[in-house]
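Trainee:
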Amino acid sequence: MDTFKVAVIPGDGIGPEVIDEGVKIMKKAAELDGRLQLEFTYFPWGCEFYLKNGKMMDEDGIEQLKSFDAIYLGAVGYPGVPDHISLWDLLLKIRKEFDQYVNIRPITLLNGAPCPITGGNKENIDMLFIRENSEGEYAGAGDWLFKGKPEEVVLQTGVFSRKGTERIIRYAFETASNAGKTLTSISKGNALNYSMVFWDQVFEQVSKEYPQVQTYSYLVDAAAMYMIKDPARFEVVVTSNLFGDILTDLGAALGGGMGLAAGANINPERMFPSMFEPIHGSAPDIAGKGIANPLAAIWSASQLFDFLGFNDIGENLISCIEKTLEEKRVLTPDLGGSASTSEVGARVAEILTEMA
Ligand code: NAI
Ligand code: MG
Numbered sequence: 048m049d050t051f052k053v054a055v056i057p058g059d060g061i062g063p064e065v066i067d068e069g070v071k072i073m074k075k076a077a078e079l080d081g082r083l084q085l086e087f088t089y090f091p092w093g094c095e096f097y098l099k100n101g102k103m104m105d106e107d108g109i110e111q112l113k114s115f116d117a118i119y120l121g122a123v124g125y126p127g128v129p130d131h132i133s134l135w136d137l138l139l140k141i142r143k144e145f146d147q148y149v150n151i152r153p154i155t156l157l158n159g160a161p162c163p164i165t166g167g168n169k170e171n172i173d174m175l176f177i178r179e180n181s182e183g184e185y186a187g188a189g190d191w192l193f194k195g196k197p198e199e200v201v202l203q204t205g206v207f208s209r210k211g212t213e214r215i216i217r218y219a220f221e222t223a224s225n226a227g228k229t230l231t232s233i234s235k236g237n238a239l240n241y242s243m244v245f246w247d248q249v250f251e252q253v254s255k256e257y258p259q260v261q262t263y264s265y266l267v268d269a270a271a272m273y274m275i276k277d278p279a280r281f282e283v284v285v286t287s288n289l290f291g292d293i294l295t296d297l298g299a300a301l302g303g304g305m306g307l308a309a310g311a312n313i314n315p316e317r318m319f320p321s322m323f324e325p326i327h328g329s330a331p332d333i334a335g336k337g338i339a340n341p342l343a344a345i346w347s348a349s350q351l352f353d354f355l356g357f358n359d360i361g362e363n364l365i366s367c368i369e370k371t372l373e374e375k376r377v378l379t380p381d382l383g384g385s386a387s388t389s390e391v392g393a394r395v396a397e398i399l400t401e402m403a
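This note's numbering applies: residue 48 is where the sequence shown begins, and numbers increase by one.
1. Thinking C-beta only, is Ser321 closer than 8 Å to Asp117?
2. The alpha helix (DSSP H) spanning Asn100 covers which residue range?
3. Between which two residues does the alpha helix (DSSP H) containing Ala226 stretch?
4. Taking 7 Å as the cut-off, is the CB of Met322 close to at least one heavy atom of ligand 1?
5. I'd like to check one pair, Gly392 with Pro341: are the Cβ atoms closer than 8 Å?
6. May I have the straight-line CA-CA distance separating Tyr89 from Trp135, to the nearest angstrom?
7. Could you tell me which residues DSSP pairs with Lys52 in its beta bridges?
8. Can you list, in chain order, the residues of its chain whose CB lies under 6 Å from that of Ala279, leaving out five sequence neighbours each side?
9. How far does the alpha helix (DSSP H) with Ser347 in it reach, from first residue to last?
10. Regarding Thr416 and ligand 1, is the C-beta to nearest heavy atom distance less than 7 Å?
11. Exposed or buried, which one is Ile345 when buried takes at least 16 other CB atoms within 10 Å?
12. Reducing DSSP to helix, strand and coil, say where Gln203 ends up.
13. Under the criterion of a Cβ to heavy atom distance below 7 Å, does Ser329 qualify as lining ligand 1?
14. Distance, Cα to Cα, Ser366 vs Asp190?
15. Report, in whole angstroms, the separation of the C-beta atoms of Ile177 and Val283, which I expect to be a contact under 8 Å.
16. Phe313 to Pro197, Cα distance in whole Å?
17. Closer than 7 Å by C-beta to Val200: which residues in its own chain qualify, once you throw out the five before and the five after it? Chain order, please.
18. Return the Cβ separation of Thr379 and Glu64 in integer angstroms, given the expectation that the two are a contact with Cβ distance under 8 Å.
19. Who are the Cβ neighbours of Gly291 in its own chain at under 7 Å, not counting the five residues just before and after it?
20. Exposed or buried, Asn158, counting other C-beta atoms within 10 Å across all chains shown (16 or more means buried)?
21. Looking at the structure shown, is Leu289 part of a helix, part of a strand, or coil, going by DSSP?
22. Determine the contact status of Leu138 and Val123, defining contact as a CB-CB distance below 8 Å.
23. If you measure between the beta carbons of Ser224 and Val260, is that distance less than 8 Å?
24. Quick check: what's the CA-CA separation for Lys140 versus Asp277?
25. To the nearest angstrom, report how far apart Ser347 and Gly195 are at their CA atoms.
26. Which residues bound the alpha helix (DSSP H) around Arg142?
27. Say yes only if the C-beta of Ala77 is nearer than 7 Å to one or more non-hydrogen atoms of ligand 1, and no if none qualify.
28. Please classify Met73 as buried or exposed, where buried requires at least 16 other C-beta atoms within 10 Å of its C-beta.
29. Could you check the C-alpha separation between Thr165 and Glu251 for me, to the nearest Å?
30. Terminal residues of the continuous alpha helix (DSSP H) containing Asn363?
Following this line, the structure appears as structure tokens:
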């Protein structure tokens, strides 16, 4: 039997609430399957840790995480700690240090999930966003000149390296090719006359290596419009860090809301652990009430199984999420129900057991 080591960082707000359910489901799925064993190690990092220790994670936190097969994270950020500190000193630090340059965000409207557009269904809302996760607009490059003075100037520079741009685009072509799907690149070459002209050029170059993949290229503003008006256009999508961040929240809304959206931060070469998380934040408005939707966290657990090579378990978990949605019996308030976080987790576990 294979044993995998999973580092768990529940984090802040609803993070620990949804992660609890995700871990229970992973344990149950592994136990029912019998081919693998998961060992979970918890790390108490996040905003509470910061308020006590003046840092978001241990000094040697990255070193501590290195030996794990995967990281399972809830959410970080809470009122009382500036968001740029919590984000940069924990989440972005892990993404960068472990070169998790691929962010995979599935946007599929499962049967039974609510959709804000008319006519939305599983056939026409079924996309896989591949977001550049290591550089671009979130590289942290820039300057803040003449702070507080009338001539104050701030610069936020987008960083698009040849290596960084090529590898994400190539990853997307590989994914589309393996899945037999179309690939759409989303950029903005008309206004961003360096970075996005370069992006388009690299997309064009790499596409020559994959003649079997049908490609499309959209400007980001038009893409936002088409995602609502004609989402069926999009199958596999590749885009930059900032555009991907924004469009996948739009996608989350199309796919049933923040309570259902998951994201994987992948280091494809497996030199370092990859990280799996619901894409929502710590939701301070509902934290502590026991009503956060755990389905996004469970969906990210399914991505974790996929990554470990157990795609069948991953797919099975998605079916369990879908059954839970279709029944409409045990759901949290964001999906119109009145169940608690743990009741939803328990229902998914029951369905998992019934299906075994
Ligand atoms: P948020 O995702 O925490 O909340 C947005 C809205 O969605 C809220 O009304 C919330 O109640 C709802 N929501 C989110 N997840 C839900 C769930 N599982 N079930 C039911 N409702 C859910 O985003 P917000 O409010 O912008 O950020 C709050 C904090 O989280 C900030 O400190 C922010 O920096 C941090 N954050 C962290 C992220 C991460 O760790 N990956 C991602 C986004 C925000
Ligand atoms: Mg975001």
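No residue lacks a Cβ here, since even glycine has one placed at the ideal position from N, Cα and C.
Mentor: On the basis of the supplied data:
1. Reading off the sequence shown, one finds Ala at residue 117, where the question assumed Asp. Yes, the Cβ-Cβ distance between Ala117 and Ser321 is below 8 Å.
2. Cys94 to Asn100
3. Arg209 to Ala226
4. no
5. yes
6. 21 Å
7. Glu86
8. Asn171
9. Leu342 to Phe354
10. Outside the displayed span of the chain (48 to 403) sits residue 416, for which this structure offers no information.
11. buried
12. strand
13. yes
14. 48 Å
15. 7 Å
16. As written in the sequence, residue 313 is Ile, which differs from the Phe given in the question. Rounded to whole angstroms, Ile313 to Pro197 spans 43 Å at the Cα level.
17. Leu192 and Phe193
18. The pair is not a contact, with the Cβ atoms about 10 Å apart (cut-off 8 Å).
19. Asn150, Phe176, Arg178 and Glu179
20. exposed
21. helix
22. yes
23. yes
24. 36 Å
25. 43 Å
26. Leu139 to Glu144
27. no
28. buried
29. 35 Å
30. Asn358 to Glu374
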